[in-house]
Amino acid sequence: FLDPVADKLFVTAILILLLASYEDLLVPALLIVGREITISALREWMAAKGLRDLVAVAWVGKLKTTLQMIAITLLLGASPSVMPLFFHLGLALIWVAAALGLWSMVSYFRAARSEMFSGE
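Each residue of the sequence shown is one higher than the one before, starting from 10 at the first, in my numbering.
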């Protein structure tokens, strides 16, 4: 996969472009972009405390990224009028990726919970 920052920029830019044509993507796009911003901030904060390992990338985050890339490829390449099956598969996968993103975000916050409320 791409460098993590480039990966996030790529996904965000493509989702914004897709939103111009497909309003159905608004909610999963907001969830995905919001999660990326939140987790990036959490990771930077934990790294500043020397605890980056607590929020290291987990398998669910890798699965989310893989599904996002597949979904984006399908959504970019499949017109709903010409290839509806592939388009709807892409739409379903972007929702699954958004759900996995929320799941992984909860996992990362649970891992960082003790440091978040330590009073330092």
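All residues carry an ideal CB built from backbone N, CA and C; glycine is no exception.
Measuring CB to CB, does residue i end up less than 8 Å from residue j?
{"i": "residue 80", "j": "residue 38", "result": "no"}
{"i": "residue 109", "j": "residue 84", "result": "no"}
{"i": "residue 64", "j": "residue 29", "result": "no"}
{"i": "residue 47", "j": "residue 125", "result": "no"}
Kindly indicate which residue of the options has the alpha-carbon position closest to the one of residue i.
{"i": "residue 88", "options": "50, 27, 12, 124", "result": "27"}
{"i": "residue 49", "options": "31, 25, 18, 34", "result": "18"}
{"i": "residue 23", "options": "103, 12, 118, 53", "result": "103"}
{"i": "residue 41", "options": "86, 21, 100", "result": "21"}
{"i": "residue 45", "options": "33, 57, 15, 32", "result": "15"}
{"i": "residue 98", "options": "62, 34, 25, 12", "result": "34"}
Can you tell me where the alpha helix (DSSP H) holding residue i begins and where it ends?
{"i": "residue 92", "result": "Careful: residue 92 lies outside any alpha helix (DSSP H) and carries neither H nor E."}
{"i": "residue 16", "result": "13-28"}
{"i": "residue 80", "result": "68-86"}
For this session: Any chance you could list the alpha helix (DSSP H) runs of at least 4 consecutive residues sitting entirely within the region 35-60, in chain order?
Result: 35-57
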